[in-house]
Amino acid sequence: MKKVVINGDFAASYGALSAEVKFIAAYPITPQTLVVEKLSELVSDGELKASFVKVESEHSAMAACMGAEAAGVRSFTATSSQGLLLMSEVLHWSARARLPIVMSNVNRAVGPGWSIWADDTDSISQRDTGWMQVYVENNQEVYDAILMGYKISEDPGILLPTMVNLDAFFLSHTSEIVEMIDTEDVRKFLPPYDPKYKLDVNDPHAFGALTSPEYYYEFTVKIHKAMIKAKRKIQEVGKEFGDKFGRYYDMTEAYKTEDADIILVTHGTIAGTAKETVDRLRAEGKKVGNLKIRYLRPFPDEQVYEHLKNAKKIVVVDRSISYGKEGAFYSETKASLFDYNLFVPTYGMIAGLGGRDVSIQTIREIVKTAEDNEPNKIFFIGEKK
Amino acid sequence: MIEIRLHGRGGQGAVKAAEILAKAAFYDGKIVQSFPFFGVERRGAPVQAFTRISDDPIRVHSYIYEPDVLIVLDPTLVGAEGIDIIEGIKDNGKIVINSTKDPSDFEFHNKNGVQVYTVDATAIALKFHLGSASAPIVNTAIVGAIAKVTGLVSIDAVKKAIIDTIPRYKEENAAAAEDTFNNVK
Amino acid sequence: MDKEKKYEFNKTEEYPKMVVSFGSTLTNKTASWRTFKPVINEDKCIGCGICWKFCPEPAITPTNPPKIIYDYCKGCGICIVECPVNAIDKVDEKR
Amino acid sequence: MNQEKKKLTITIPEEEIMQAGHLACQGCGAAIAMRYALKALGKDIILDFPACCWSVIDGPFPYSATQVPLFHTAFETAAAVASGITNGIQAIGNDHTTVMAWAGDGGTFDIGIQALSGAAERNDNLIYTVYDNEAYMNTGIQRSSATPHGAWTTTTPVKHFKKGEKKDIDSILVAHGIPYLATTSIAYAEDMVKKYKRAKEIRGTKFMHVFAPCPTGWKSDPAMTVKLAKLAVETGVFPLYEVVNGKYKLSIKPKELKPVEEYLKLQGRFKHLQKDDIDYIQKKVIEKWEILLKKVEMFGE
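These protein sequence lines map, in sequence, to chains A, B, C and D. All residue numbers for the first sequence refer to the numbering used here, where the first residue is 2 and numbers rise by one. All residue numbers for the second sequence refer to the numbering used here, where the first residue is 353 and numbers rise by one. All residue numbers for the third sequence refer to the numbering used here, where the first residue is 44 and numbers rise by one. All residue numbers for the fourth sequence refer to the numbering used here, where the first residue is 39 and numbers rise by one.
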């Protein structure tokens, strides 16, 4: 174990290093550039023994990763915003091809106007590609999520790719302490990638051929089932990771929710700021809690219900909006509750769009808005009115 | 938790100063966080950077609005059009300014307990040939002053952080920090 | 490997995880595509190999004389046109 | 009696890697092209196909005609996927397996040119084949930038037939400075096999431009596929040459070019052309042929 002070982009790079990826293809985009720069350095110094193809677009980055991964080679890429959107077609392709690629995506707003700042619109709009999506809170989690991501994705029962989402600048360019795991210990946790079917001249198969209506349907069902199965796998791997390395992860993380009247539902860096705010509000006598959601896909319906079932008000914070409806995390959370016939006043809070800061003061305003207003609608927190 | 805000101009190394400060505190056993103001920095433009130092895990990821400590790398930023250097400074906060002036020359000195400290980091940077004569890089020099004034970090940790962070002229940068450590007013 | 083996997947559980091939297209007899039949006149054949060489399927054996594999011949007629000694006749399919 | 006869004359490798039962149209030039390419390259190969006729020809799940490892991929990604495969297997110590992207003209001249340019600029160790049938045949005969002047397609109807020349993809690739480029034709099997064998031995990006007539899209008799491919060479419509490290070399040099009309008249896609149109095409063919001869002269070996 070695502790270092690094930014989130470097944490992603070191995650790929510790996972001993053998193939990287990437294209630069702010604020992901530090990932490609660091990986270039690690590869050219020989610290990471991998092939790094500097492709001419994000679309080709993902396509090249598909090629390598299909040949049985553990692959990594990183992107952000417009780059992720350009990849969209091949995100579907890589997932349907059941290629367990891991990618870090720096959550950044999409244009126009040009914005390089934090916003989840990029990854949220790729929700239905078949990629697992984890949203992380700090740089340690960036690193850990990449290692766990490979373990979960490469599980023969899962075989779906993982997107590790970190907030632009609030993580990508923020330096924090990250504990790195020794390679030997990582190897005991994450065995080499050895898929049953790959591009192998000794066992030739064609992948992704024309699939008639007679067959296509069941392949889709299988992806859905694998995604559902991944929920347990995520929990198992999170526990194993904790047992081995001392940091436990689950699909959600509940903070002072047991007796809370108002529960905030947050993700990404906002979750950390929300926890800090919960402590301050509790010191002022308010029974507030926070439920951090780590995974948007698969979505932790059961845990969301379990942690929220006793709340009097549920307040979901989104850093994006599905125009004409509401934030995705809000929709997903409500749907989970509905599945359990639970009807609780809910509030959808849109905050931090395009990098607008979500501070302790912002979270206070969110809680106050929920206290003062009728439920079941969305509110724009921090909007100039 | 101590929150520090640094003001500088693009090219002076305010972001690196924030990082060195964080690393030094980390070497002293603290939990740390540092980050730039997220913008599209251009040489000469006013920039900000931030450092948090704490005994407990740092969970907040947002800008710093009420700093305990302010650091000003460029004296011309004080009173510059559209910039309120001392905005949000806590009562009894500390301000370290790269300046040839005396602390008492600053109107906010001794108001609400705020203490101003000055150090001629530019002269020290020039003495150690850091940057060029027209654009001295003062970030390492000023961190030495911060160590002295705030006691948040040890000078040994600062020197180690500089050597780990600065790619070239490591020793000269470390010496500059030590120099300011000894000469801050 | 039996290249003419048929593979069937009747339940979701029986499917592979991804769309991956197992058998060869030899399972797919394309004889029904034909509207006429090329027939090699072995007396005229000079064994030049040109019909074998240009067959797109391939559905002609590399033997002397070559044999047309009628299970797969789609009846494109390239062999008839390319035969330098007109040793391949175009015969209507009797159905 | 047959035993007394000598063996059949075999001028290209005998082993069949590509299997029958595939889904190519009757008389498909692209099927012949694959058959030769695999004969030349052997089984130590990994293929990838973008959307193109071959994504259908190879056969539906769970069958495959090529019987070598093959990755079907999205339209514009043939070169990028091949880059991933070749660099990926190199990273795990495999430097012997040939990696080949196999794409149509639409996937190469148009939507895939960015990824192809990227791979060529990086000089990734792969063979990129474009089997050129001069239109989007898999989607039902729409014009591509490989469609020649004068041709009918469903998006260039007879009254507004394709105006303007076919994109000179080969010069674009040569300009990338790749180590090997060859134009080949299914009518010249031995030449094509020889060129693929040569490509296999060269490290870096090899671009193979295969002329592959499409009876369906060209409105020609399936039986005439090879004849048309031969005429394209003999008329100068599709000259055969190699470019090795920038040096041009003609593979087939007809003593005299046949009139282009001989080639055009066998195809329904050109039947609306008037004499003026044919004269214009003839003029352009001669012009381009002479430019090629000059390149051979100037940059030849």
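Cβ coordinates follow ideal geometry from the N, Cα and C atoms, glycine included. Quick caveat, the model's predicted, so the values are computed rather than measured.
Query	Result
For A:Lys223, which residues in chain C fall below 8 Å Cβ to Cβ?	Thr55, Tyr58, Lys60
Here's a check: name, in chain order, each residue in its chain whose Cβ is nearer than 6 Å to the Cβ of A:Ser52, leaving out the five neighbours to either side.	Phe24
Using a Cβ-Cβ cut-off of 8 Å, state whether D:Thr115 counts as contacting chain A.	yes
Which residues in the same chain have their Cβ closer than 8 Å to the Cβ of C:Asn84, if we skip the five residues on either side of it in sequence?	Ala130, Ile131, Asp132
What does D:Ile70 reach in chain C if we use C-beta pairs closer than 7 Å?	Phe97, Pro99
Note the first and the last residue of the continuous alpha helix (DSSP H) segment covering A:His308.	302–309
Let's test the definition: count the other Cβ atoms within 10 Å of the Cβ of D:Met39 and tell me whether it reaches 16, buried, or not, exposed.	With a pLDDT of only 45 at D:Met39, under the threshold of 50, the placement of this residue in the model should not be trusted, and no figure is reported.
Under the rule that 16 or more other beta-carbon atoms within 10 Å means buried, what is C:Lys25, buried or exposed?	Any question about residue 25 of chain C goes unanswered here, given that chain C covers just 44 to 138.
So which residues of chain D does C:Ala102 contact, with C-beta pairs closer than 9 Å?	Ala58
Cβ of A:Lys276 less than 8 Å from any chain B Cβ?	yes
Got a sec: does the ligand FMN put a non-hydrogen atom nearer than 7 Å to the Cβ of A:Pro192?	Only the bare structure without any ligand can be found here, which leaves the ligand FMN out of the picture.
Drop a sphere of 10 angstroms on the beta-carbon of B:Glu459, count the other beta-carbons inside from all chains shown, and report buried for 16 or more, exposed for fewer.	exposed
Determine whether the Cβ of D:Glu299 lies closer than 8 Å to any Cβ atom of chain C.	no
For A:Val368 versus A:Val289, is the C-beta distance shorter than 8 Å?	yes
Please confirm whether C:Ile123 has its beta-carbon closer than 8 Å to some beta-carbon of chain D.	yes
Note down, one range per segment and in chain order, each alpha helix (DSSP H) of at least 4 residues found wholly within the region 248–316 of chain D.	253–256, 263–272, 298–302
Taking only runs that begin and end inside the region 248–326 of chain A, name each unbroken alpha helix (DSSP H) of 4 or more residues, in chain order.	270–284, 302–309
Listing by chain order, which chain C residues have their CB less than 8 Å from the CB of D:Gln305?	Under the 8 Å cutoff, chain C gives no residues; its nearest Cβ is about 15 Å from D:Gln305.
Is A:Thr270 close to chain B? Criterion is C-beta to C-beta, closer than 8 Å.	yes
In the DSSP output, what is D:Tyr218 paired with across the bridge?	D:Lys244, D:Val282
Identify every run of the alpha helix (DSSP H) within the region 67–127 of chain A, keeping only runs that are complete inside it and at least 4 residues long; order them along the chain.	82–97, 122–125
What residues in the region 42–76 of chain A bring their beta carbon closer than 7 Å to a beta carbon of chain B?	none
Just mark B:Ile372 as buried or exposed, buried being the case when its beta carbon has 16 or more other beta carbons within 10 Å.	buried
Starting from B:Gln400, follow the beta strand (DSSP E) in both directions and report where the run begins and ends.	398–406
Spatial neighbours of B:Ile349 within its chain, please: C-beta separation below 7 Å, excluding the five flanking residues on both sides.	Since the first residue shown for chain B is 353 and the last is 537, residue 349 of chain B is missing from the structure and cannot be characterised.
Are there three or more Cβ pairs, one per stretch, closer than 8 Å when the region 87–98 of chain A is compared with the region 135–143 of chain D?	no
Pick helix, strand or coil for B:Asp436, following the three-state DSSP scheme.	coil
Applying the 10 Å Cβ sphere with the 16-neighbour rule, what's the burial state of A:Phe344?	exposed
What's the gap between the Cα of A:Phe330 and the Cα of A:Gln134?	12 Å
Would you say D:Asp96 and A:Ala207 are within 8 Å of each other, going by their C-beta atoms?	yes
By alpha-carbon positions, which one of A:Asp319, A:Gly114, A:Glu70, A:Ile364 ends up nearest to A:Tyr198?	A:Glu70
State yes or no: is the beta carbon of A:Leu160 nearer than 8 Å to at least one beta carbon in chain C?	yes
Between A:Val266 and A:Ile294, which are expected to be in contact by the criterion C-beta below 8 Å, what is the C-beta distance as a whole number of angstroms?	6 Å
Taking the C-alpha atoms as reference points, what is the distance between A:Ser213 and C:Met61?	14 Å
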